[in-house]
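As they're listed, the protein sequences go chains E and U.
If you count by my numbering, then the first sequence holds residues 821 to 932, one letter each, in order.
If you count by my numbering, then the second sequence holds residues 47 to 159, one letter each, in order.
Using N, Cα and C, we set each Cβ at its ideal position, and we do this for glycine too.
Computed from a predicted model, the values in this text were never measured in an experiment.
Only one structure is covered here, and it is reproduced in the block below.
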Amino acid sequence: DQQVKQNSPSLSVQEGRISILNCDYTNSMFDYFLWYKKYPAEGPTFLISISSIKDKNEDGRFTVFLNKSAKHLSLHIVPSQPGDSAVYFCAARSNTGNQFYFGTGTSLTVIP
Amino acid sequence: KAGVTQTPRYLIKTRGQQVTLSCSPISGHRSVSWYQQTPGQGLQFLFEYFSETQRNKGNFPGRFSGRQFSNSRSEMNVSTLELGDSALYLCASRRLAGDSGQYFGPGTRLTVT
Numbered sequence: 821d822q823q824v825k826q827n828s829p830s831l832s833v834q835e836g837r838i839s840i841l842n843c844d845y846t847n848s849m850f851d852y853f854l855w856y857k858k859y860p861a862e863g864p865t866f867l868i869s870i871s872s873i874k875d876k877n878e879d880g881r882f883t884v885f886l887n888k889s890a891k892h893l894s895l896h897i898v899p900s901q902p903g904d905s906a907v908y909f910c911a912a913r914s915n916t917g918n919q920f921y922f923g924t925g926t927s928l929t930v931i932p
Numbered sequence: 047k048a049g050v051t052q053t054p055r056y057l058i059k060t061r062g063q064q065v066t067l068s069c070s071p072i073s074g075h076r077s078v079s080w081y082q083q084t085p086g087q088g089l090q091f092l093f094e095y096f097s098e099t100q101r102n103k104g105n106f107p108g109r110f111s112g113r114q115f116s117n118s119r120s121e122m123n124v125s126t127l128e129l130g131d132s133a134l135y136l137c138a139s140r141r142l143a144g145d146s147g148q149y150f151g152p153g154t155r156l157t158v159t
């Protein structure tokens, strides 16, 4: 049972525009959410995170929004750059067992 | 500080064989988690070890096992390999089991033929 879902397998965006990646979750016990970026032949690298007590966290071009009532989070990248082309994974941590649950990933392509 | 390292990077095995994968965490990190990544399934949690003890376990059959040594290095073993075990196996470390972030290694690409 997939507790974290990324329903868009892929996304293409023009350079300079905004990229919006979405993630939905089902478990209300998740207390921490993260986004990872993964390039081919490399492991995922941490990008940005947000605690369940917040609804927004910003780090440079990256902003994560959390809507707890909708059990939805999104990652905004503004402006998008070709180097942002990668697979993005959404992850959530359970407050009971410290286990991380990952989505299936969204492949972002930024077109120059 | 060196990152998480995994060996080997690529492996080809035959159905029915067994395999052992190795992970060396970042120095000072005591928690090691293992994940299986397959297309369409994302990263599926296998198990986590902390101070040589398994703390959490995902929904995988008993053919998948692991251990952690006193230096925090971890190994993962898969016995009686099946074609469906072909995947990228990722290891991640964090300093303590309760830390909010984890650092991933490059993975071991296992192909079962």
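### Message
Pop quiz: residue 852 of chain E and residue 913 of chain E are said to be a contact at Cβ under 8 angstroms. What is the actual Cβ separation, rounded to whole angstroms?
### Response
Confirmed, about 4 angstroms.
### Message
By the 9 angstroms beta-carbon criterion, what residues does the stretch 853-864 of chain E contribute toward chain U?
### Response
Those would be 854, 856, 858, 861, 862, 863 and 864, in chain order.
### Task
Pick out whichever of U:87, U:108, U:158 and U:141 has its Cα sitting closest to the Cα of residue 150 of chain U.
Comparing Cα-Cα distances from residue 150 of chain U to each of U:87, U:108, U:158 and U:141, the minimum goes to U:141.
### Query
How would you call residue 864 of chain E, buried or exposed, if buried means at least 16 neighbouring beta carbons within 10 angstroms?
The residue in question, residue 864 of chain E, is buried, as its Cβ has 16 or more Cβ neighbours within 10 Å.
### Query
Between residue 835 of chain E and residue 882 of chain E, what straight-line distance do the alpha-carbon atoms span, to the nearest angstrom?
Taking the straight line from one Cα to the other gives about 15 angstroms.
### Message
Strictly by DSSP, which residues pair up with residue 879 of chain E?
### Response
DSSP output for residue 879 of chain E lists E:882 as bridge partner(s).
### Query
When burial is assigned at 16 or more other CB atoms within 10 Å of the CB, is residue 858 of chain E buried or exposed?
So residue 858 of chain E ends up on the buried side.
### Task
Using alpha carbons as the reference points, say which of U:127, U:120, U:158 and U:124 lies closest to residue 51 of chain U.
Closest by alpha carbon: U:120.
### Query
Can you find a C-beta in chain E that's less than 9 angstroms from the C-beta of residue 106 of chain U?
No, residue 106 of chain U lies away from the interface with chain E (no Cβ there is under 9 angstroms from its Cβ).
### Integer Cβ distance of residue 125 of chain U from residue 82 of chain U, believed to fall under 8 angstroms
That belief does not hold up - the Cβ atoms of residue 125 of chain U and residue 82 of chain U are roughly 15 angstroms apart, past 8 angstroms.
### Task
Would you mind sorting residue 130 of chain U into buried or exposed? The rule is 16 or more other CB atoms within 10 Å of its CB.
So residue 130 of chain U counts as exposed.
### Task
Assuming residue 84 of chain U contacts residue 133 of chain U (C-beta within less than 8 angstroms), just tell me the rounded distance between them.
A Cβ-Cβ separation of about 5 angstroms places residue 84 of chain U in contact with residue 133 of chain U under the 8 angstroms criterion.
#### Entry: Neighbour list for residue 827 of chain E in chain U, Cβ cutoff strictly below 8 angstroms
What residue 827 of chain E touches in chain U: nothing, since even the nearest Cβ is about 12 angstroms away.
### Task
Please list, in chain order, all residues of the same chain as residue 929 of chain E whose beta carbon is under 6 angstroms from its beta carbon, the five residues on each side excluded.
The residues 832 and 905, in chain order, have a CB closer than 6 angstroms to that of residue 929 of chain E in the same chain once the five nearest residues on each side in sequence are set aside.
### Query
Does the Cβ of residue 849 of chain E have 16 or more other Cβ atoms within 10 Å, making it buried, or fewer, making it exposed?
Exposed, since its Cβ has fewer than 16 Cβ neighbours within 10 Å.
### Query
Just curious, the beta strand (DSSP E) that residue 896 of chain E is in, first and last residue?
First-last of the beta strand (DSSP E) with residue 896 of chain E: 892-897.
### Task
Name the two residues that bound the continuous beta strand (DSSP E) containing residue 142 of chain U.
Neither: residue 142 of chain U is in no beta strand (DSSP E) and is coded neither H nor E.
### Task
Could you check which residue in U:159, U:115, U:152 and U:147 has the C-alpha nearest to that of residue 128 of chain U?
Nearest option by C-alpha distance: U:159.
### Length at least 4, wholly inside the stretch 61-108 of chain U: the alpha helix (DSSP H) runs in chain order
The alpha helix (DSSP H) runs of length 4 or more contained entirely in the stretch 61-108 of chain U do not exist; there are none.
### Message
Taking CB distances under 9 angstroms as the criterion, tell me whether residue 94 of chain U reaches chain E.
### Response
At least one CB atom of chain E sits nearer than 9 angstroms to the CB of residue 94 of chain U.
#### Entry: CA nearest to the CA of residue 871 of chain E, picked from E:841, E:903, E:916 and E:888
It is E:888 whose Cα lies nearest to the Cα of residue 871 of chain E.
### Query
Going by Cα to Cα distance, which pick from E:899, E:918 and E:915 is closest to residue 838 of chain E?
Comparing Cα-Cα distances from residue 838 of chain E to each of E:899, E:918 and E:915, the minimum goes to E:899.
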